[in-house]
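Enquirer:
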């Protein structure tokens, strides 16, 4: 085993952890006093860190075990990545039922974070498509669970941030597709009011919907942006040369850390204005390979280096439907007035809440912001954003978080005590813990 300093994708915080990299889960040996599984390290904050404790790297436990190509059922080890899965299933006419914004994440990580995608308003979150799981509990016992077998453990694990045990295998129900091509439509919104109207219309009609927002716009232009809708193209919608093949992804790697001064309010305002001008001339429709539509940043290697050596925080929250417009407006106003630029500001509509006890989604709108760390003032701003989210009945996404307080977590996740009772049953000594769980006070305390 190796002790070294690691971070999440946001490169903050950086902590010293003991790394174990098993070829098989049987190679783990005696369980440590404190451990957490880590797939591809794409959670942004400290969810897959365990300062001065053990981190189980699952990247080598990544076999695709079985694919029923007739029924669309996949069984795979939890270390398998979505990229590896897509390479196998797409040529056979299948696709992931839910996918986050990168394919370089592990199957187990998708379950542990109960990830959502551009289609949550139609398909829900990842856990709702899991047929069953194999979990390695604190005593080393392997247990299979599903929505009908050991359902308590299943829904505590889906969205449970790896704190109930190590996810060993996942069986997943896929969706059929006729081609790897997405029919995309872009619509321009000149204000937040228009953005919400377009999102409402789009999520009624389209399987996939996401919006880019100009986070630096103010006044009557606050919330302006581009709504990007899509669906899997049928063969009838495609030119003949696209029936079987799609354009290969281009690739670019960021070779060094950008200087901190490069991403500032002036440069990001200029970029946003240019992008809005480019996209805002007219609404348009076009065909795209699935990769650039679902995973636009995957073609840029090490894109997190754009934020400089100090890293960045991705702040993602959801505001429930009844307060969504006022809540999102208040967040954008606070951000715009702070003059702290967000290079990326993304809005999605979410459907009904997951059954996962610590799952993030609820019916409403989710806003994600990438904020470079320049000084401690950022964290004061994030605390103010937390207050706005709480006031409007929302919550922050744990898979992206690096700094939420215990008090805010408890207020945002009302089913925590229900989850904790199950955690106490399966892990009474709290062996599965992480830097995130300790920061948020998530443990085996009595309830």
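Residue numbers (the working numbering): 6 to 452. Positions of the beta carbon are idealized from the N, C-alpha and C atoms, including for glycine.
1. Cα separation between residue 166 and residue 442?
2. Would you kindly work out how many angstroms separate the C-alpha atoms of residue 169 and residue 314, rounded to a whole number?
3. From residue 337 to residue 206, what distance separates their C-alpha atoms?
4. Would you give the residue range spanned by the beta strand (DSSP E) that residue 321 belongs to?
5. The beta strand (DSSP E) spanning residue 148 covers which residue range?
6. Report yes if the CB atom of residue 116 is closer than 9 Å to the CB atom of residue 106, and no otherwise.
7. Would you say the region 377 to 387 touches the region 358 to 368, given that touching needs at least three Cβ pairs under 8 Å?
8. From residue 13 to residue 54, what does the alpha carbon distance come to, in whole angstroms?
9. Quickly, what does DSSP pair residue 213 with across the bridge? List them, please.
10. Check this for me: beta carbons of residue 317 and residue 41, under 9 Å apart or not?
11. Which residue wins for smallest C-alpha separation from residue 173, given the options 157, 141, 334?
12. On the DSSP bridge list, what partners appear for residue 188?
13. Using a threshold of 9 Å, state whether the C-beta atoms of residue 238 and residue 184 are closer than that.
14. Alpha carbon to alpha carbon, what distance is there between residue 23 and residue 10?
15. Look up residue 20 in the DSSP assignment and give the residues it is bridged to.
16. So, does the CB of residue 30 fall closer than 9 Å to a CB anywhere in chain B?
17. Name, in chain order, the residues that DSSP records as bridge partners for residue 388.
18. Distance, Cα to Cα, residue 439 vs residue 446?
19. Could you give the distance in angstroms between the alpha-carbon of residue 68 and the alpha-carbon of residue 149?
20. What ranges does the beta strand (DSSP E) occupy inside the region 130 to 179, keeping only unbroken runs of at least 3 residues that lie completely in it?
21. Give every residue of the same chain whose Cβ lies closer than 7 Å to the Cβ of residue 414, excluding the five residues on either side of it in the sequence, and list them in chain order.
22. Name the residue from 118, 329, 402, 373 whose alpha carbon lies nearest to the alpha carbon of residue 198.
23. Sort 98, 118, 154 by Cα distance to residue 104 and report the nearest one.
24. Reducing DSSP to helix, strand and coil, say where residue 437 ends up.
25. What residue range is occupied by the uninterrupted beta strand (DSSP E) comprising residue 417?
26. How big is the Cα-Cα spacing for residue 392 and residue 380?
27. Can you confirm whether the region 74 to 87 touches the region 122 to 129 when touching is taken to mean that 3 or more C-beta pairs between the two stretches lie within less than 8 Å?
28. Checking the sheet assignment: what are the DSSP bridge partners for residue 73?
29. Could you give the first and the last residue of the continuous alpha helix (DSSP H) run that contains residue 117?
30. Look at the alpha carbon of residue 222 and the alpha carbon of residue 229, and state the distance between them as a whole number of angstroms.
31. Could you give the C-beta distance for residue 326 and residue 368, rounded to a whole number, given that I count them as a contact under 8 Å?
32. Evaluate residue 200 with the Cβ neighbour count: other Cβ atoms within 10 Å of its Cβ, from every protein chain shown; 16 or more gives buried, anything less gives exposed.
33. Rounding to the nearest angstrom, what Cα-Cα distance links residue 44 and residue 83 in this structure?
34. Strictly by DSSP, which residues pair up with residue 100?
35. Do residue 109 and residue 88 count as a contact pair if the criterion is CB distance below 9 Å?
36. So for residue 6, helix, strand or coil by DSSP?
Expert: Looking at the atomic coordinates:
1. Those two C-alpha atoms are separated by around 9 Å.
2. Just so you know, the alpha carbons of residue 169 and residue 314 end up roughly 33 Å apart.
3. Between the C-alpha atoms of residue 337 and residue 206 there is a straight-line separation of about 22 Å.
4. Looking at the DSSP string, the run of the beta strand (DSSP E) that includes residue 321 is 317 to 325.
5. Segment 147 to 150, the beta strand (DSSP E) holding residue 148.
6. Contact flag unset, no.
7. The region 377 to 387 vs the region 358 to 368: no contact.
8. When rounded, the separation of the alpha-carbon atoms in residue 13 and residue 54 is 7 Å.
9. According to DSSP, residue 213 bridges with 235.
10. Contact flag unset, no.
11. For the residues 157, 141, 334, the minimum Cα distance to residue 173 belongs to 141.
12. Looking at the DSSP assignment, residue 188 forms a beta bridge with 236, 292.
13. It is a contact, given that the beta carbons lie within the stated cut-off.
14. In this structure, the straight-line span from the alpha carbon of residue 10 to that of residue 23 is close to 9 Å.
15. According to DSSP, residue 20 bridges with 11.
16. Any reference to chain B falls outside this structure, which holds one protein chain only.
17. Paired residue(s): none; residue 388 is not in a bridge.
18. Distance from the CA of residue 439 to the CA of residue 446, rounded to the nearest whole angstrom, comes to 10 Å.
19. Looking at the backbone, the Cα of residue 68 and that of residue 149 are separated by about 18 Å.
20. As far as the region 130 to 179 is concerned, its whole beta strand (DSSP E) runs of at least 3 residues are 135 to 141, 147 to 150, 171 to 178.
21. These residues qualify, in order along the chain: 445.
22. Taking only the C-alpha atoms, the option nearest residue 198 is 329.
23. Looking at the Cα atoms, 118 is the closest of the given residues.
24. If DSSP states are grouped into helix, strand and coil, residue 437 belongs with the strands.
25. Looking at the DSSP string, residue 417 is not in any beta strand (DSSP E); the run it does join, the alpha helix (DSSP H), is 411 to 417.
26. Straight-line Cα distance between these residues: approximately 20 Å.
27. Using a Cβ-Cβ distance cut-off of 8 Å, the region 122 to 129 and the region 74 to 87 are not in contact, since fewer than three pairs of beta carbons, one from each stretch, lie closer than that value.
28. Note: residue 73 sits in a beta bridge opposite 78.
29. From DSSP, the alpha helix (DSSP H) with residue 117 extends over 112 to 117.
30. The alpha-carbon atoms of residue 222 and residue 229 are separated by roughly 7 Å.
31. At roughly 5 Å, the Cβ-Cβ gap stays under 8 Å, so residue 326 and residue 368 are in contact.
32. Residue burial annotation: residue 200 is buried, with at least 16 other C-beta atoms found within 10 angstroms of its C-beta.
33. Taking the straight line joining both Cα atoms gives about 8 Å.
34. Beta-bridge pairing links residue 100 to 180.
35. Contact annotation: residue 88 and residue 109 have beta-carbon atoms nearer than 9 Å.
36. It is coil, neither helix nor strand.
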